[in-house]
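Residue 44 is where the sequence shown starts when you use our numbering, and the numbers rise one by one after that.
Quick reminder that beta carbons are idealized off the backbone N, C-alpha and C, glycines included.
The model shown is predicted, which means the values in this text are computed figures rather than measured ones.
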Amino acid sequence: MPARAPRICSCGQLVPSGAQCPCQIRGAAARKARFDKTRPNSSQRGYSGSWERMAARWRRGKPCAWPGCKMGAEVVDHIIPHKGDPKLRDDPKNWQGLCAHHHNSAKQRQDRRRASTRTTS
């Protein structure tokens with residue numbers, strides 16, 4: 044099967060199919076930096092040293108809960124987002140172990156989709 048044709052970025056540069064233009068990479072990095080500047084740090088969001096130790100003990104030896112994934116759990120994910128509620132945050136029944144890939148991509152996409160359906164309905 045032939046390779047897809049390159050595309051033209053909005054800045055006018057020719058970009059190979061499936062790649063990002065350097066201007067898009069710089070723009071994404073700038074957006075992330077602006078977001079991170081306003082975001083509270085982990086301890087301000089309720090993740091103390093005791094939370095880190097508790098989560099590390101809990102996920103030790105657990106597999107990623109994503110269907111079909113064979114990786115080990117690297118992140119404790121909250122099934123129901125806790126939104127600062129310490130009872131939900133610290134309840135192991137509300138936790139699932141995910142690998143970093145599924146937590147940082149698929150689960151976040153799923154949460155965004157869920158949030159957008161809540162606001163539109």
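- DSSP places residue 140 in the uninterrupted beta strand (DSSP E) bounded by 138-141.
- Taking C-beta separations shorter than 6 Å and ignoring five residues to either side along the sequence, the partners of residue 125 in its chain run 131, 132, following chain order.
- Residue 115 and residue 148 have their alpha carbons spaced roughly 16 Å apart.
- In this structure, residue 101 lies near residue 135, with their beta-carbon atoms less than 8 Å apart.
- Around the Cβ of residue 141, a 10 Å sphere holds 16 or more other Cβ atoms; the residue is buried.
- A Cβ-Cβ distance of about 7 Å is found for the pair residue 120 and residue 138, placing them in contact under the 8 Å criterion.
- In terms of Cβ geometry, residue 59 and residue 49 form a close pair [threshold 8 Å].
- Shown here, residue 50 sits in a strand according to DSSP, grouped into three states.
- No Cβ-Cβ contact shorter than 8 Å links residue 112 with residue 146.
- DSSP places residue 129 within a helical segment (H, G or I) once states are collapsed to three.
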